[in-house]
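Input: a single structure, listed below in structure tokens.
Residue numbers (this note's numbering), protein chains in the order written: chain X, 245 to 1153; chain B, 120 to 242.
Following this line, the structure appears as structure tokens:
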């Protein structure tokens, strides 16, 4: 379309009167001139005009043809259709409200889920050219390993191996390494009375060069900062600078006390940068690897603890680089055979490196949430289908109700295409309005979903605001819904034969569209029962998980995490005094019944395991090594784990006393299957240590890490007992309190007491034990709540659909019902007549849906805990709820049918 | 929407009476007619019918759609004037652009007709 045509089209739109008048005059002139010619040939005036009209076309038709040939007339009819559509929608508010609500729910749920998927699964790191980034490794194994890696695919690297790869792979513009887990930092600004907990990440000096980002203020880390004799520097995240330091410019260049060491803040990272991994509570500070306080990590050639991410130079394909990396790995391993325990040497040739796309960094959340998100996509798609079926049903019912109107229009000469276009405009309007409402719902919904999914997180670097792709998705979805589910009803309505419709309006008892409507209801019922059964299964599974016997008591327990005393400047010989002070002070807080210390507490996310050597038995390398932790006096009483045999660890177990251990049932069963574990000896490190600890007690099993499987074999050591001449490994960083009343209420008193003991001893978090356990089920809870929500929505939609179709059938059959009643049918017969139809649809829907749910349940079965995928109670309950709601929905119009007055009904039309 | 040379209105011609115009040729004929002198709508219709010796009959709908199209493409312009019978009528005249278009289309038409003729006479 040319510019001139647009301009003249617009002109004619605005000067419509004048243009029409001119065309009128010109055409009149044309026809009159033609008529004059005829009159000259001897015709009468009237005859001449008639002949001209026949030969040249009438004035009106010509005008219409000329006018409709322009684009602006197309736009004009669209505008007319829109206004007409809005008017008809306004005239039937009940229909409009139900349709809008249905669409808003369907589109809203899908948009919310898509927002999450876009943010979590699709969005790249906010850095330039993220597609050039590649990760060395294909899994998310954490955190510290020794020797060969599972299945031979390397993902954790020692510093020495990283340096080797860095120096020998010139295909990478930059190859950076960072610690695979975040560190808890205790940060104190000069002048502050207490240290505050922050998250820190130790990264190689070229980390920011890898991402090719620039500082918001100051400068980022440089390779020269990452050496043991360089001055200590750190980079702050923008969000931390903004929220904790209020964008104070004096922060840059200032020094802060981090874990007892003075650091200079060199700069602030760019605003949206959250590091290498999308996760809740990303790093507040980035520190050079050389500053990592646990020096043994950095200097031990055999300790694998770093993730490596590289940026390929433009023009290099990943495959050859991957092959080369594996060659380099093999070279390095062959010259460092001592890092692999001899029993694993046979596995060395299998060790390799897989290069995986790193545009999204380390795909931790992507992997963790993949399954849950996939399930949610399926659920929301089901919900959308149900919503669409509802819309199609409503439109069909309307199409049939408007049949006589359509017939009149057809009879008056309206082309079918024009009728369809008009009806389509209406459904697209409806869908777009529904989409807009859905977008709003999605925004609110995404917030709620994020809160559910990351319970306990202070900050999630995910934006709930709909981005351009999300907006596009919602609008596209609305349009597709409107068009697909508007075309069929429009087409059907336009097929109605004018004569039929005009002759027998409202008198038929069944027709094509009612078959379609009933099938749609059956489909809806089937989908709904699938969703309801799914909701029942995952909800029951969550309840089983939360209510299981964990082997400890959560009521009235408060869990406090403090910074590792080593990071707050304590040395090994100062620990005893610190522990003693804590054990004295904490029980004196009013409301505290009991207090204890340990290296970590159950289900807080920590688990240490290590091989043990049993005195008098050959070393056993099979299976998972047992878990271990150090606990202080009263530990088991405080968390409510029962002692089964012997004694617990108490005040007697000082470093000087005999070294003892308490083990759990599984440990005792595993290592001493047919003998009493009490009195036996074992140790760690190697066979020479097998006499180190004497087992003095057995406690019941408790779950510390995995909530679904059985408890791990676990042994508990006193806080300060280490083999003679060896460093004490495992410093207490967890405090358990058994309290009277609501645990959360004690938080201020506990924080105050700890700050009084030592302000550098930063409190990382204070949680009730119940909350600490609950956070292990974030994903299960998210899925259960959303499935419940979707199940209820599906139930409502299916009932609305059933109500609509039944009500519509009753309205159409008023006449027939009147005749039946006149012929002697009583109310019960009529009620039965209407309800039977609705129940048939319900029954068919259940007959299709329940087997489908059983099949779907098999997919879910791995996700379920303590529930079978074919739990008859849940299936029965879901079916009963659906049936009850459906009968209720159908009985409203059915009762209306019984109140039909035969006289009125027969007189009707 | 329409294509520049108008292909979709064959049904608007009074089919079969005298004869259908070859698709897309009406615009060219109008331009040719106006190349002689500015003319009003009826005059153009009559001129085309006369020049074709009654082979073509042009109806008002297609004629006026063509005027609208040509005017929007800037090939003709219009003004109201009095006719010889002192009636007010809209006169159309060729623009410079229209003259160029007529020349190029005439050439193209000649080429095509010659080619078609060669094909038809080949056997």
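C-beta: ideal position from N, C-alpha, C; glycine also.
Item	Value
CB contact flag (residue 618 of chain X, residue 417 of chain X, <7 Å)	no
Check: residue 855 of chain X C-beta below 6 Å from any heavy atom of the ligand ATP	As presented, the structure is devoid of all ligands, the ligand ATP included, so that no description of it is given.
Under 8 Å by beta carbon: chain B residues contacting residue 305 of chain X	180
Cβ-based neighbour list, residue 526 of chain X, same chain, cut-off 6 Å, excluding 5 preceding and 5 following	518, 519, 705
Cα-Cα separation between residue 624 of chain X and residue 587 of chain X, rounded to whole angstroms	50 Å
Interface residues of chain X facing residue 209 of chain B [CB-CB closer than 9 Å]	266, 269, 270, 273
Status (buried if at least 16 other CB within 10 Å, exposed otherwise) for residue 1133 of chain X	buried
Proximal residues, the region 158 to 174 of chain B versus chain X, C-beta separation under 9 Å	159, 160, 161, 162, 164, 165
Inter-residue spacing [alpha-carbon to alpha-carbon] between residue 912 of chain X and residue 451 of chain X	47 Å
Partners in chain X for residue 187 of chain B, counting only beta-carbon separations shorter than 8 Å	310, 313, 314
Same chain only: Cβ atoms within 7 Å of residue 610 of chain X, ignoring 5 sequence neighbours per side	364, 365, 604
For residue 836 of chain X, the residue or residues it bridges with in DSSP	X:983
Start-to-end residues for the alpha helix (DSSP H) that takes in residue 403 of chain X	403 to 412
Residue 845 of chain X vs residue 978 of chain X beta-carbon contact at 7 Å	yes
Contacts that residue 249 of chain X makes with chain B (C-beta to C-beta distance below 7 Å)	191
Buried versus exposed call for residue 864 of chain X [16 or more other C-beta atoms within 10 Å across all chains shown]	exposed
Spatial distance of residue 684 of chain X from residue 738 of chain X (CA atoms)	35 Å
Presumed contact (8 Å Cβ cut-off) between residue 1083 of chain X and residue 766 of chain X, rounded CB distance	About 12 Å; that fails the 8 Å criterion.
Residue 252 of chain X burial status per 10 Å Cβ neighbour count (16 or more: buried)	buried
Nearest-angstrom beta carbon gap, residue 476 of chain X and residue 506 of chain X [assumed within contact, 8 Å]	6 Å
Spatial neighbours of residue 749 of chain X in its chain, beta-carbon cut-off 6 Å, leaving aside the 5 residues before and after	Residue confidence is low: residue 749 of chain X scores 49 on pLDDT, short of 50, so the model does not pin down where it sits. Its coordinate-derived value is still stated next. Hits under 6 Å: 648.
Same chain only: Cβ atoms within 6 Å of residue 730 of chain X, ignoring 5 sequence neighbours per side	668, 671
For residue 579 of chain X, the nearest candidate out of X:905, X:479, X:405 (CA to CA)	X:405
For residue 399 of chain X, three-class secondary structure by DSSP	coil
For residue 907 of chain X, the nearest candidate out of X:899, X:900, X:886, X:896 (CA to CA)	X:886
From B:158, B:152, B:150, residue whose alpha carbon lies closest to that of residue 200 of chain B	B:158
Rounded straight-line distance, which links the Cα of residue 973 of chain X to that of residue 946 of chain X	23 Å
Chain B within 7 Å of residue 648 of chain X, Cβ atoms only	no
Neighbourhood of residue 165 of chain B by C-beta, 6 Å cutoff - its chain only, sequence neighbours within 5 removed	none
Rounded straight-line distance, which links the Cα of residue 256 of chain X to that of residue 263 of chain X	6 Å
Chain-order list of residues whose beta-carbon lies under 7 Å from that of residue 884 of chain X (same chain, five-residue window excluded)	796, 797
Contact the region 344 to 356 of chain X vs the region 428 to 437 of chain X: 3+ CB pairs below 8 Å	no
Per-residue contacts from residue 722 of chain X into chain B (C-beta, under 9 Å)	Correct list: empty, because the minimum Cβ distance to chain B is about 26 Å.
C-alpha distance - residue 1157 of chain X paired with residue 1112 of chain X, whole-angstrom precision	The requested residue 1157 of chain X does not occur in the structure, where chain X is confined to residues 245 to 1153.
Residue of X:419, X:1016, X:272 minimising C-alpha distance to residue 699 of chain X	X:1016
The region 212 to 241 of chain B: positions lying closer than 8 Å to chain A by Cβ	Chain labels in this structure do not include chain A; the protein chains are X and B.
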